[in-house]
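J.: The working numbering applies: residue 448 is where the sequence shown begins, and numbers increase by one. I have a structure here, written as structure tokens, and I will follow up with some questions on it.
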Amino acid sequence: MNIIYKLLPIAGLLISIQILFNYSFLPPTYSSNLSNNAEQFNGQNAFKILKQLMPNDKPHPTGSAANRNMRDRIIAHLKKSNLEPIIQAKKQCSLFSSRCVAIENIIAIHKGTSNGDALLMVVHYDSKKRAPGAGDDMAAVATLLENINQLAQASPTKNNVIFLFTDGEELGMIGATAFAKHHALMKTVGLVANFEARGSSGPSLLFETGESSGGAIARFIKYSKTPSGSSLFSEIYDRMSNNTDFTIFKDMGINGLNFAFTGSPRHYHTALDNVENLNKNSLQHQGQNQLDVIKAFGDQDLSQYRSTSPQAVDRVFFDVFSVIYLDWSTTTSWVLIGIIVFVFAYLLIVAYKNKQVSVGKVIISIPVALISIVALVASAYLLKWPLAIWSGLSGLDHAAPYASRLSLVLSTIFIAILTARIFSSWFNSKELEFGFWLVVFAMLLFMQINAAGTAYFLLVPIFIFVLTRLFMTFFQSQIAQYISNIILLTVCAYFGVSLAQLMETAVNFDMALVLIIPMFLMLSPLVTMLANSTQTIQKHALMLSIMSLAIILPIASFIDPNSYG
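Right, dumping it as structure tokens:
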């Protein structure tokens, strides 16, 4: 019974992680019976529009007859909303290649009551030659047309809202370039919102922002019904070679927000990006984000969101299960780091005075933490052989995503158990704990200095660590320590696993050695808990993790990617 009690936290962690992977990135639920509500987007109407726009579900690349037919259908829908579409026909060269093509942008204006800066809403209506483009980007086109319908029946906004349906995005943002460089309306734009896709499912994420866009982020969060996104996306995206229409405006110094859903990336730019495979929940979320942007900025003085405005600041932001959205300035992050340093030093001094740690052993335990990171990467390298067997076919998505994710978690637990068994006779649990968290703190400083928007996934866990350990200095009962450990383990598991999940949108499982690095956050509390356990408990936990991997890996290895959606 004692063994079961001691292993309960690990079992609970496994269950929680599986639930997290299944539900943490689900978009709002699509309803086929949604009544007209000015505050809620009508996904049912948008899906009808999508099917009208794509009756044959075929590709419509720039310059094709299919693309011209798509143009005409969009224009017809705009006229139904009593708008007067403007066609910007121009031969334009891409800023990213030597390609020059004739494009036809579609522009419509919802007239505001003032002459202030305009809100620019951007989607693109062209597709790749082999992809119908239901997700990329016709879902955004359909949802924007539905929002235009709703806006036509609502009270006028203060600002003009410009709706830009670009052509030639897939050829190098050519339509956006033509509008930004040559159209007179560009001079009136105060804020841009772009809507994209890199797959056919998942939530519509706020994944990129303009420079010093803290004010715009805070405003959107206030009005958003279902916020989802992270400043980590923006930091990573800024360092990648990928571009969207938003890039054109961002490079010109126009502030704004960039949204996309990224689930089922194996459908991206393929024949599988069709209406049948499009997740209706993703369509619902994309449309809701568009509606929330219009409500947030339609009546605002947009000049305050310029990157040169005194109110413009960089902010850290992220959501928790799309229920809670947290954001703070990068200055606040430095204040929190200062608090962490003070409390961490206090905890170390108290532990030293109480003869609970040796400073020398704490320092020596730091290489143990580094060895654990190397072991994590090595285990992921071994995992990639069975789990990447289909990588050539499945593109960015693995054939058995939940099994592969669970194997990463089990591998982390395996390394934690192994570390505890090997080193618990050399160090006590507190010495190992301080050593591990010093490594996490060093990582935090590096991230804060070089990519402040990504540092929160280390900042929050280490802040919870010092708080729980401070609590344990005043409440030393067994139940208090148990609760503190569970809280810390849960927080570390959430941030470690959710970061790995986010990274899945950029890499496939043959790069599991990259995906597993965030799992290091779980090692610290796990090693501490296991170091306090008996050799018998460690042995049982070790056998449990090995058996679980032995069951999962063969199953995951032979699942054909075409057998799941």
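Where a beta carbon is used, it is the ideal one built from N, C-alpha and C, also for glycine. Since the model is a prediction, treat every value here as computed from it, not as a measurement.
With distances taken from CA atoms, which of S871, Y929, V907 is nearest A816?
T.: By 1-based counting over the sequence shown, the position of residue 816 is 369. Considering only alpha carbons, the answer is S871.
J.: Using a Cβ-Cβ distance cut-off of 8 Å, determine whether T937 contacts chain B.
T.: Chain labels in this structure do not include chain B; a single protein chain is all it has.
J.: Does DSSP put W781 in a helix, in a strand, or in coil?
T.: In the sequence shown, residue 781 corresponds to position 334, counting from 1. Correct three-state label for W781: helix.
J.: Here's the rule: buried if 16 or more other CB atoms are within 10 angstroms of the residue's CB, otherwise exposed. What is V821?
T.: Sequence index remark: in the sequence shown, residue 821 carries index 374 (1-based). V821 is exposed by the Cβ-count criterion.
J.: For the stretch 869 to 888 against the stretch 799 to 816, do three or more pairs of beta-carbon atoms, one drawn from each stretch, fall closer than 8 Å, so that the two count as touching?
T.: Result yes; three or more Cβ-Cβ pairs closer than 8 Å.
J.: Assign A863 to one of two classes, buried (16 or more other C-beta atoms within 10 Å of its C-beta) or exposed (fewer than that).
T.: On the sequence shown, residue 863 is found 416 positions in, with the first residue counted as 1. The residue is buried, with at least 16 neighbouring Cβ atoms inside 10 Å.
J.: What are the start and end residues of the alpha helix (DSSP H) that includes N897?
T.: Here residue 897 refers to the residue found at position 450 of the sequence shown. 876 to 897 is the extent of the alpha helix (DSSP H) around N897.
J.: Just to confirm before moving on: does the CB-CB distance between A493 and E593 stay below 8 Å?
T.: In the sequence shown, residue 493 corresponds to position 46, counting from 1. In the sequence shown, residue 593 corresponds to position 146, counting from 1. In this structure, E593 lies closer than 8 Å to A493 by Cβ.
J.: Once DSSP output is grouped into helix, strand and coil, what is the label at S826?
T.: By 1-based counting over the sequence shown, the position of residue 826 is 379. In the structure shown, S826 sits in a helix (DSSP, three-state: H, G or I).
J.: Classify K727 as buried or exposed, calling it buried when 16 or more other Cβ atoms lie within 10 Å of its own Cβ.
T.: Counting from one through the sequence shown, the residue named residue 727 turns up at place 280. When all chains shown are included, K727 counts as buried.
J.: Is the beta carbon of G622 sitting closer than 8 Å to the one on D748?
T.: Along the sequence shown, one-based indexing puts residue 622 at 175. Along the sequence shown, one-based indexing puts residue 748 at 301. Contact flag unset, no.
J.: Tell me the residue span of the beta strand (DSSP E) that contains G637.
T.: Taking the first residue of the sequence shown as 1, we reach residue 637 at position 190. Where G637 is concerned, the enclosing beta strand (DSSP E) stretches over 636 to 644.
J.: Contact between the stretch 654 to 671 and the stretch 606 to 622 is defined here as three or more beta-carbon pairs at a separation below 8 Å; is this criterion met?
T.: no
J.: Between the stretch 922 to 938 and the stretch 791 to 800, do at least 3 Cβ pairs fall closer than 8 Å?
T.: no
J.: To the nearest angstrom, how far is it from the Cα of F626 to the Cα of T915?
T.: One-based indexing of the sequence shown puts residue 626 at position 179. One-based indexing of the sequence shown puts residue 915 at position 468. Computed Cα separation, rounded: 54 Å.
J.: Alpha carbon to alpha carbon, how far is A523 from K498?
T.: Counted from its first residue, the sequence shown places residue 523 at position 76. Counted from its first residue, the sequence shown places residue 498 at position 51. The straight-line gap from Cα to Cα measures roughly 14 Å.
J.: Is Q733 closer than 8 Å to T509 when the C-beta atoms are compared?
T.: The sequence position of residue 509 within the sequence shown is 62, counting from 1. The sequence position of residue 733 within the sequence shown is 286, counting from 1. No, they are not a contact pair.
J.: Suppose you measure from the CA of G676 to the CA of I933; what does that come to, to the nearest Å?
T.: Translated into positions along the sequence shown, residue 676 becomes position 229. Translated into positions along the sequence shown, residue 933 becomes position 486. Going from the Cα of G676 to the Cα of I933 covers about 26 Å.
J.: By alpha-carbon positions, which one of P579, N705, I550, S544 ends up nearest to K537?
T.: As a working mapping, residue 537 is identified with position 90 in the sequence shown. Looking at the Cα atoms, I550 is the closest of the given residues.
J.: Would you identify the three-state DSSP class for G676, choosing helix, strand or coil?
T.: In the sequence shown, the residue the question calls residue 676 occupies position 229. Strand, per DSSP.
J.: Just checking, does the stretch 502 to 519 make contact with the stretch 610 to 619 on the three C-beta pairs under 8 Å criterion?
T.: Contact holds between the stretch 502 to 519 and the stretch 610 to 619, because three or more Cβ pairs, one in each stretch, are under 8 Å apart.
J.: Among residues of its own chain, excluding the 5 on either side of L542, which ones have a beta-carbon nearer than 6 Å to its beta-carbon?
T.: Taking the first residue of the sequence shown as position 1, residue 542 is located at position 95. The answer, listed in chain order, is T624.
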